[in-house]
Amino acid sequence: MAIVLYREDGSDKLSPLCMGSLINQRYVMTTAQCANGDPFKPYRVRLGEHTIDQEEDCNANDEEDCAPPVLDVDVECSLGHQGYDHGTKLNNIGLIRLARAVQFQDHIQPVCLPGTYDLARTQLPNYIVSGWGRNETRQRMKSLRKAIVSSVDETKCRTQYALFGLTLAEDQFCAEAGAGSSGNSCHGDVGAPLGYTAGYYGTQQFVQFGIAAFGTFGCREAPSVYTNVSVHVGWIIGNIRP
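Residue numbers (UniProt numbering): 1 to 242.
Below is the structure:
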């Protein structure tokens, strides 16, 4: 998981407005709206975080059992998909290039992309979504949270969003938390990864299938909408460089 930090003009304060996922040593994948950064550009990326605003992430029952420190890396440049449509959120995917290569550690690892034919066609009943966004009461979560969400029938999702005057784009799909769960992506979760463990070149790896694109302000009024990563693997490969 990555937190994308933005700096307002004339201010030294960095705000965590978006999320993303590390895909190799130099790139973080997020949404086009986060990469474009209107009105502010991505300034820095934080990797390896668990609890925001806490200097050390330690076991509550053992103060000496602490995670390695977070890694802050400046942004060299960012790129939103050239075909991004602000209205429909079509092609809502982007890349952030880090100013230097990061070294992978136990708590800083890249996700796998659904780049094979079989993975591109995979439609799972359940996925894992994670993030630090706001919950149903609009409170920002301090600790990284994960939840299992279920795929939602496309027709059902389109019908629900039509009530808000929104039309889903062709490269989007929906997922929602079950009853009694708080797993829907809420305000502040934009760019967060959705995926699951799947077969990947003979091994079992966490594969990212979706990027949190948007949801309703009520968090649970309709399923959350995700950009389908498999549709854009070619674009990703074509826009990264060493």
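Cβ coordinates follow ideal geometry from the N, Cα and C atoms, glycine included.
Quick caveat, the model's predicted, so the values are computed rather than measured.
(request) Tell me whether residue 203 is buried or exposed, calling it buried when 16 or more other Cβ atoms sit within 10 Å of its Cβ. (result) exposed
(message) Is it the case that the segment 80-87 contacts the segment 40-56, given that we only count it when at least three CB pairs across the two stretches are under 8 angstroms?
(response) no
(message) For residue 28 and residue 88, what's the separation of their Cα atoms in angstroms?
(response) 23 angstroms
(request) Report the option in 169, 157, 25, 112 whose CA atom is closest to the CA atom of residue 103. (result) 25
(request) Could you give the DSSP three-state label for residue 100: helix, strand or coil? (result) coil
(message) Please determine whether the Cβ atom of residue 234 lies at a distance below 8 angstroms from any heavy atom of the ligand MG.
(response) The ligand MG is not part of this structure, which contains no ligands at all.
(request) Evaluate contact between the segment 197-212 and the segment 223-241, counting only Cβ atoms and requiring at least three cross-stretch pairs below 8 angstroms. (result) yes
(message) Between residue 128 and residue 195, how many whole angstroms is the CB-CB distance? I'm expecting something under 8 angstroms.
(response) 6 angstroms
(request) Measure from the alpha carbon of residue 38 to the alpha carbon of each residue in 238, 7, 70, 167, then state which is nearest. (result) 7
(message) Assuming residue 97 and residue 72 are in contact, meaning their beta carbons sit under 8 angstroms apart, how far apart are those beta carbons, in whole angstroms?
(response) Incorrect: roughly 15 angstroms between the Cβ atoms, too far for contact.
(request) Leaving out five residues on either side along the sequence, give the residues of the same chain with a beta carbon under 8 angstroms from the beta carbon of residue 123. (result) 151
(request) Along the alpha helix (DSSP H) that carries residue 260, what are the first and last residues, could you check? (result) No answer is possible for residue 260: it lies beyond the span of the chain, which begins at 1 and ends at 242.
(request) For the segment 142-166, list the alpha helix (DSSP H) runs that are entirely contained and at least 4 residues long, ordered along the chain. (result) 154-162
(message) Quick check on residue 6: does DSSP put it in helix, strand or coil?
(response) strand
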